[in-house]
Amino acid sequence: MKLTFSFLFYVFSTLSLIAQTEVEVINQTNKNALDSNQVKWEAALIKDSVLQAQKNKVTNVRWASKVVNCSSQFSKKEKAAYQVLGKPNVYPTGGDAYTAWAVKQKDGKEADNAAYIRVGFDNPARIAQIAIVESFNPGAITKVTVYGDKKEEMVVYEKPAQNLGIKCRIMNIILSQSTEFYVSEVEVKLDPNAVIGVNELDAIGVSDDKDSIKWNINLIPMIEFPKASENLGDAINTIYDEVAPMISPDGKTVYFCRKFHPDNSGGFNDEDDIWMSQKDESGKWLPAKNVGAPLNNKYHNFVQSITPDGNSLLTANLYNKDGTTGAGVSLTYKTKQGWALPEKQVIDDFANFNQFANYFLSNDGKFIIMAVERGDSYGELDLYVCLRKGDNRWSKPINLGPTINSCVNDYSPFLAADGVTLYFSTSGISGYGKEDIFVATRKDDTWQNWSDPQNLGPKLNSPESDTKYNIPASGEYAFFSSTNKSLGKNDIFRIKLPTKIKPNPVVLISGKVLNERTNQPVDARIIVEELPSGKEAAIARTDPNTGEFKIILPAGKKYGFRAIGLGFFEVNKNIDLTDVHEYTEIEDEMLRMSPIEVGSIVRLNNIFFEYAKAVLLPESFLELDRTADFLKNNSSIEIEVGGHTDDSGSDITNQKLSDRRANAVATYIISKGVEAKRVTSVGYGESRPIAFNTDAEGRAMNRRVEFKILKK
């Protein structure tokens with residue numbers, strides 16, 4: 004069924020980069036029916052309504068969700084027909100972009116004299132307007148037709164193409180009354196040769212609202228930076244390129260890449276070397292130093308991530324023993340002699356068809372976010388996630404999906420310490436410059452569901468390229484590289500963050516792992532688990548020279564963490580962060596490890612009982628299971644489980660309670676397959692305190708369960 008559109012409708016265009024509104028009044032059945040005075044009156048009336056509508060925001064817009072057909076497309080990815088789907092991602096900045104639809108080109112011109120694209124919408128509905136986002140060289144549109152879900156057809160616009168001489172616009176077609184049928188498709192015809200340059204369509208939307216559909220850069224609402232960005236100064240920045248800054252989680256060390264500097268390992272011809280700077284006690288950055296071998300050689304070298312303890316670095320590329328490099332990513336550890344040769348990270352089905360790549364290791368050590376180009380990429384560099392499978396082994400990359408990735412470069416990932424807030428750079432979403440920095444939030448563990456990326460605003464994003472955004476655990480400042488207001492080429496900057504764009508609060512825990520008997524540092528791994536689920540939350544390593552470690556944990560949960568060192572018993576400790584709701588630093592957490600020797604006593608820290616009873620709580624099972632595993636793996640060891648109380652209550656009551664609790668622990672361990680003759684239990688009541696019973700903290704330390712090695 005074909006309908007004649009016999010009522011008045013209005014077309015107006017919101018133009019980018021000019022302060023005016025173009026208004027057209029057309030009667031489709033009789034374009035000459037209105038005299039010039041009537042047209043002027045209608046135009047003035049509409050212009051007033053347009054200005055009023057600009058104060059409103061149309062929220063019920065449906066953007067095209069599928070391509071039904073088209074005359075041609077520029078390519079299968081760049082400027083492909085599907086680029087017109089969804090929300091605008093070129094407008095209002097406008098300009099030539101791969102993320103908008105254009106017809107096939109031939110000899111530098113459009114190959115189609117009469118181009119068209121027909122798109123469909125989810126959930127057909129009556130509409131009152133159509134918005135066509137012409138993101139580059141607008142004016143080529145000659146006809147717009149809407150189609151109903153029952154084969155209805157209505158021409159809502161028909162007019163010769165016109166060279167407008169502007170960069171971009173939204174062409175709003177406002178109907179005087181809503182359609183009588185449910186619109187499911189829209190077809191747009193163009194005359195490309197009538198308008199100079201490539202004509203590109205960014206998006207097509209419909210609405211039942213007569214207020215004009217507009218589109219702006221997707222900013223975080225009411226965002227205000229306290230200060231403008233600041234250059235880190237000549238202790239770090241030079242006339243050369245300083246790029247890819249990585250700030251340590253405690254905010255005291257920055258690693259970065261310096262290009263073609265005379266002090267690079269290969270001199271002026273060395274494109275990328277790793278440099279670093281630390282803050283002195285006054286908070287001033289010290290002159291940057293080249294980190295040297297083995298991290299730097301004559302090839303491309305740059306740091307991609309720093310673990311919270313500062314004892315491990317994720318580095319780009321593979322480091323071969325002969326001094327050459329290859330494609331991939333590596334991890335290096337701090338040793339007593341300095342940085343170790345970076346170890347290859349084995350990623351299942353790894354491939355990258357692009358000469359460039361970025362990587363980021365999450366603070367908990369469980370994920371690598373990477374920017375590479377693969378067979379399932381939407382265009383050039385896409386963001387992927389790899390899940391840790393074991394030491395130096397990672398899963399096949401999982402594409403983060405079309406909410407994050409586009410047909411252009413999506414790269415420079417940084418996953419905040421909360422594990423869900425992702426910052427990245429792209430030119431695939433409308434912004435202020437060549438590449439802008441955006442933020443999105445992960446909604447679940449599939450890594451496919453994300454909030455719409457939001458632009459961090461013009462105080463951070465410049466007309467140039469803004470990349471490598473990262474922040475310390477505190478979330479106080481953001482660090483990034485930019486060519487805007489630099490000392491030479493790219494420089495490193497920081498900007499103080501408003502509360503609205505800070506990630507979720509985390510807790511920075513620092514401490515030491517020491518030998519219980521000698522008080523010397525222990526080279527150990529720290530593994531943190533959520534309680535009571537046992538889900539792994541973080542991994543860290545101690546500094547082998549000092550025994551120091553740092554861990555970042557999301558606030559609001561309970562955790563157990565354990566240290567594992569060669570020749571030592573695992574030592575465990577728990578911490579309750581359920582009442583922490585802001586960034587917090589906890590210092591001087593000590594883990595003392597007992598060597599595996601006869602007479603050594605090991606405290607079981609994460610053992611919990613019902614109040615005044617010998618009933619084990621579920622939070623205890625993880626630690627007891629590990630103890631049972633240790634005994635099964637060391638079949639000659641025999642232990643004594645000792646129960647202890649504080650001095651509250653009578654001696655007899657405490658003695659009986661300690662007996663029952665020690666026996667409960669021994670019984671559990673035996674139930675896990677350990678021979679009963681290897682596990683005995685003794686209750687010591689309040690007779691062996693390790694702290695004064697004069698305060699709550701001391702009494703809590705005295706209420707404990709330990710085991711002692713009787714035979715090795």
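Numbering-wise (the numbering used here), the sequence shown opens with residue 4 and increments by one. Think of the CB as a built atom: it goes at the ideal place given N, C-alpha and C, for glycine as much as any other residue. As the structure is a prediction and not an experimental result, all values here were calculated from the model.
**Prompt:** Shortest alpha-carbon distance to Lys282 belongs to which of Asn636, Asn608, Gly236?
**Reply:** Gly236
**Q.** Length-filtered (3 minimum) beta strand (DSSP E) runs lying within the stretch 597–630
**A.** 604–607
**Prompt:** Along the chain, where does the beta strand (DSSP E) that runs through Val540 open and close?
**Reply:** Note that residue 540 is Ala in the sequence shown, not Val. Run containing Ala540: 539–544, per the beta strand (DSSP E) assignment.
* Same chain, Cβ closer than 8 angstroms to Gln340, five either side skipped, listed in chain order -> none
Note to self: Tell me the DSSP secondary structure of Gln658 in three-state form.
What the structure shows: helix
Rounded to a whole number of angstroms, what is the C-alpha to C-alpha distance between Asn637 and Asn575?
-> 19 angstroms
Across the stretch 519–539 and the stretch 502–511, are there enough close Cβ pairs to call them in contact, namely three or more that are closer than 8 angstroms? They do not touch, by the three-pair rule.
Host beta strand (DSSP E) of Gly701 (start-end) | Gly701 -> not in any beta strand (DSSP E); alpha helix (DSSP H) instead, spanning 699–705.
- Query: Between the C-alpha atoms of Lys437 and Glu590, what's the straight-line distance to the nearest angstrom?
  - Reply: 42 angstroms
Query raised in the report: By Cβ distance, which residues of its chain are closer than 6 angstroms to Glu700, with the 5 residues on each side in sequence left out?
Result: none
Using a Cβ-Cβ cutoff of less than 6 angstroms, which residues in the same chain neighbour Asp51 once the five nearest sequence positions on both sides are dropped?
Residue confidence is low: Asp51 scores 34 on pLDDT, short of 50, so the model does not pin down where it sits. No coordinate-derived value is stated.
Glu592 versus Phe710: straight-line alpha-carbon distance, rounded:
22 angstroms
- Query: When the Cα atoms are used, what is the spatial distance from Met157 to Val201?
  - Reply: 28 angstroms
Opposing strand residues paired with Gly646 [DSSP bridges]
Gly686, Val708
Practice task
Could you tell me whether the Cβ atoms of Tyr362 and Val332 are closer together than 7 angstroms?
Solution key: yes
| Along the chain, where does the beta strand (DSSP E) that runs through Arg129 open and close? | Following the DSSP letters along the chain, one finds Arg129 in no beta strand (DSSP E), marked with neither H nor E.
Original post:
Taking buried to mean at least 16 other C-beta atoms within 10 Å of its own C-beta, is Ile199 buried or exposed?
Top reply: exposed
What's the call for Glu245, buried or exposed, on a 16-neighbour Cβ count within 10 Å? buried
Lys616, buried or exposed, once every other Cβ within 10 Å from all chains shown has been counted against 16: exposed
- Message: Taking the alpha-carbon of Glu533 as reference, which of Gly313, Thr338, Glu626 has the nearest alpha-carbon?
- Response: Glu626
| query | Hey, quick one: how far does the beta strand (DSSP E) through Met225 stretch, first residue to last? | reply | First-last for Met225: undefined, no H or E at that position.
(request) Quick one: using the 10 Å Cβ neighbour count with 16 as the cut-off for buried, is Gly102 buried or exposed? (result) With the sequence shown as reference, residue 102 is identified as Thr, and Gly is not the correct amino acid for it. It counts as buried.
Taking 6 angstroms as the cut-off, does the CB of Thr502 come closer than this to any heavy atom belonging to the ligand HEM?
Among the components modelled here there is no ligand, and therefore nothing to report on the ligand HEM.
If I'm right that Val136 touches Pro91 with Cβ under 8 angstroms, what's the distance once you round it to whole angstroms?
5 angstroms
TODO: Determine the contact status of Lys292 and Glu274, defining contact as a CB-CB distance below 7 angstroms.
DONE: no
For this session: Decide if Pro508 is buried, meaning its Cβ has at least 16 other Cβ atoms within 10 Å, or exposed.
Result: buried
field: DSSP-derived helix/strand/coil call for Asn272
entry: helix
### Task
Assuming Leu167 and Pro141 form a contact by the criterion Cβ under 8 angstroms, report the distance between their Cβ atoms to the nearest whole angstrom.
6 angstroms
| said: Please classify Glu376 as buried or exposed, where buried requires at least 16 neighbouring CB atoms within 10 angstroms. | reply: buried
message = DSSP has Thr338 in a bridge; who is on the other side?
response = Gly341
Problem set entry | Chain-order list of residues whose beta-carbon lies under 8 angstroms from that of Arg129 (same chain, five-residue window excluded) | Ser181, Thr182, Glu183, Phe184, Tyr185, Val186, Asp211
| request: Quick one: give me the first and last residue of the beta strand (DSSP E) that Tyr101 is part of. | output: Taken as a continuous stretch (DSSP letters only), Tyr101 belongs to no beta strand (DSSP E), as it is neither H nor E.
Quick one, which of Ala354, Lys213, Asp662 has its alpha-carbon nearest Ile176's? Lys213
Are at least three pairs of beta-carbons, each pair with one atom in the stretch 681–692 and one in the stretch 634–654, less than 8 angstroms apart?
-> The stretch 681–692 vs the stretch 634–654: in contact.
- Item | Contact check, Asn234 vs Phe564, beta carbons under 7 angstroms | no
Quiz item: To which residues of the same chain is Asn452 closer than 6 angstroms at the C-beta, ignoring the five residues directly before and after it?
Solution: Lys446
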